[in-house]
Amino acid sequence: MTSSTASSTTAHRHWDEVWKSEEGRRDWSAVDPWVAGTVGLLRRRGVRDVLDLACGVGRHAVFLAGEGFDSWAVDASDTAVRETVAAAGRAGVRVEPSVGPMTRLPYEDASFDYVLAYNAIYHGDRDAVRATVREIHRVLRPGGLYQLTMLSRRNAGCGRGEEVSPGTFVQPGAADDKVHPHFYCDAAELVALNEPAQLLRAHDEEHASPGSYHWHCLFEAPGEAGGTG
Ligand SMILES: C[S@@+](CC[C@H](N)C(=O)[O-])C[C@H]1O[C@@H](n2cnc3c(N)ncnc32)[C@H](O)[C@@H]1O
Numbered sequence: 272m273t274s275s276t277a278s279s280t281t282a283h284r285h286w287d288e289v290w291k292s293e294e295g296r297r298d299w300s301a302v303d304p305w306v307a308g309t310v311g312l313l314r315r316r317g318v319r320d321v322l323d324l325a326c327g328v329g330r331h332a333v334f335l336a337g338e339g340f341d342s343w344a345v346d347a348s349d350t351a352v353r354e355t356v357a358a359a360g361r362a363g364v365r366v367e368p369s370v371g372p373m374t375r376l377p378y379e380d381a382s383f384d385y386v387l388a389y390n391a392i393y394h395g396d397r398d399a400v401r402a403t404v405r406e407i408h409r410v411l412r413p414g415g416l417y418q419l420t421m422l423s424r425r426n427a428g429c430g431r432g433e434e435v436s437p438g439t440f441v442q443p444g445a446a447d448d449k450v451h452p453h454f455y456c457d458a459a460e461l462v463a464l465n466e467p468a469q470l471l472r473a474h475d476e477e478h479a480s481p482g483s484y485h486w487h488c489l490f491e492a493p494g495e496a497g498g499t500g
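If you're matching positions, the sequence shown starts at 272 in the numbering used here and goes up one per residue.
Written as structure tokens, this is what we have:
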């Protein structure tokens, strides 16, 4: 797949190339401890069906399947999805794969108890983020949980390059995916963009490269888990 519904969401083209090499996949093969640390909560909440949105090469979809959840994975990159299927095969677990854009997820309403979107939904402008959050809310069951990383305004990339729309920057000369739009937000906007979901936890964490601040957040969809709305 080489295009998506929102024209600002083009970063999957970069990632499709990254995922073709073993070197490109290497940095994205270990499970993030923040994700692993949520498994206890998911069990306590009776979570069964989980979606890894913009799954990359499937590190978390495979992990969650290994933890006993029914695991789905979607990404706009064909190579990502192919590599996710291969990783699931190597691990001896089942992951249901799909190729598709995060702004129009290929699932029925209320399909999942939990959605993970790690370093995913900020690949675009604010409208794309809004569209993706709407899709997460649509595919989650009432009271479902979702866990996101978002680029923080403290991130060194915020303000670099051209601001193509509010909070959205493109760095034309960059050697990485920053040649594509990336959206940055502060805490107030993080909460506003996810309404009417409730923010349960958030912290602003520096990832491996200096200044690479990302919000790590956990939200709860409206409605009562196990209820009708
Ligand atoms: C930084 S990687 C993270 C991969 C994975 N979530 C992980 O943590 O290992 C970003 C992923 O988002 C995917 N992506 C970017 N834009 C997308 C879009 N519009 N729809 C679906 N996936 C997209 C890319 O193809 C890539 O696999």
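A virtual CB, placed ideally from N, CA and C, is assigned to each residue, including glycine.
Taking a contact to mean a Cβ-Cβ separation below 7 Å, would you say L335 touches V345 in this structure? Against a cut-off of 7 Å, the Cβ pair of V345 and L335 comes out as no contact.
I'd like to know whether the C-beta atoms of D457 and R424 end up nearer to each other than 7 Å. Taking 7 Å as the cut-off, the beta carbon of D457 is found closer than this to the beta carbon of R424.
Considering only residues of the stretch 386–434, which uninterrupted alpha helix (DSSP H) runs meet the minimum length of 4 residues and lie entirely inside it, listed in chain order? Inside the stretch 386–434, DSSP marks whole alpha helix (DSSP H) runs of 4 or more residues at positions 397–410, from first to last along the chain.
Span of the beta strand (DSSP E) around R472: Looking at the DSSP string, the run of the beta strand (DSSP E) that includes R472 is 469–477.
Quick one: is the Cβ of H408 within less than 6 Å of any heavy atom of ligand 1? No, the beta carbon of H408 sits no closer than 6 Å to any heavy atom of ligand 1.
Excluding the 5 residues flanking T276 on each side, which residues of the same chain have their C-beta closer than 7 Å to its C-beta? Only weak support is given to the placement of T276: the predicted model assigns it a pLDDT of 38, under 50, and the question is left unresolved by the model.
Tell me whether the beta-carbon of A492 lies closer than 7 Å to the beta-carbon of G415. The answer is yes: Cβ separation under 7 Å.
Quick one: what does DSSP say F340 is sitting in, helix, strand or coil? Residue state, collapsed to three classes: coil.
Spatial neighbours of C326 within its chain, please: C-beta separation below 7 Å, excluding the five flanking residues on both sides. Cβ contact annotation for C326 (same chain, cutoff 7 Å, sequence separation greater than five): A332, A344, V345, D346, A351, T355, in chain order.
Per-residue DSSP class, three states only, for W305: DSSP places W305 in helix when its eight states are reduced to three.
Per DSSP, what are the beta-bridge partners of W486 in this structure? Partner(s): M421, D475.
Just the C-alpha distance for Y417 and G308, rounded to the nearest angstrom, thanks. Distance between Y417 and G308, taken at the CA atoms: about 14 Å.
Any idea what DSSP makes of D346, helix, strand or coil? D346: strand per DSSP, three-state reduction.
Cα-Cα separation between N426 and G311, rounded to whole angstroms: Straight-line Cα distance between these residues: approximately 30 Å.
Can you tell me the Cβ-Cβ gap for A468 and H487, rounded? I've got them flagged as a contact below 8 Å. Contact doesn't hold; Cβ gap of about 15 Å is too wide.
Nearest-angstrom Cβ-Cβ length linking V435 and H451, presumed shorter than 8 Å: That pair is no contact at about 10 Å.
List the DSSP bridge partners of H545. There is simply no residue 545 to check, as the chain begins at 272 and stops at 500 in what is shown.
Closer than 6 Å to a non-hydrogen atom of ligand 1 - does that hold for the CB of W299? Checking the Cβ of W299 against ligand 1 gives yes.
I need the straight-line Cα distance from S274 to H453, nearest angstrom please. Any answer about S274 is weak, because its pLDDT of 35 lies below 50 and its placement is not dependable; what the coordinates show is given next. Distance between the alpha carbons of S274 and H453: 17 Å.
I think L470 touches V462, with their Cβ atoms under 8 Å apart; what is that distance to the nearest whole Å? V462 and L470 do touch by the CB rule: their CB atoms are close to 5 Å apart, below 8 Å.
Once DSSP output is grouped into helix, strand and coil, what is the label at D320? In the three-state reduction of the DSSP assignment, D320 falls in the strand class.
How long is the line joining the alpha carbons of A358 and V366, rounded to whole angstroms? Approximately 9 Å, taken between the alpha carbons.
Tell me where the beta strand (DSSP E) around H453 begins and ends. For H453, the enclosing beta strand (DSSP E) covers residues 453–456.
Rounded separation between V503 and R319 - CA only: Nothing can be reported for residue 503, as the shown portion of the chain is limited to 272 through 500.
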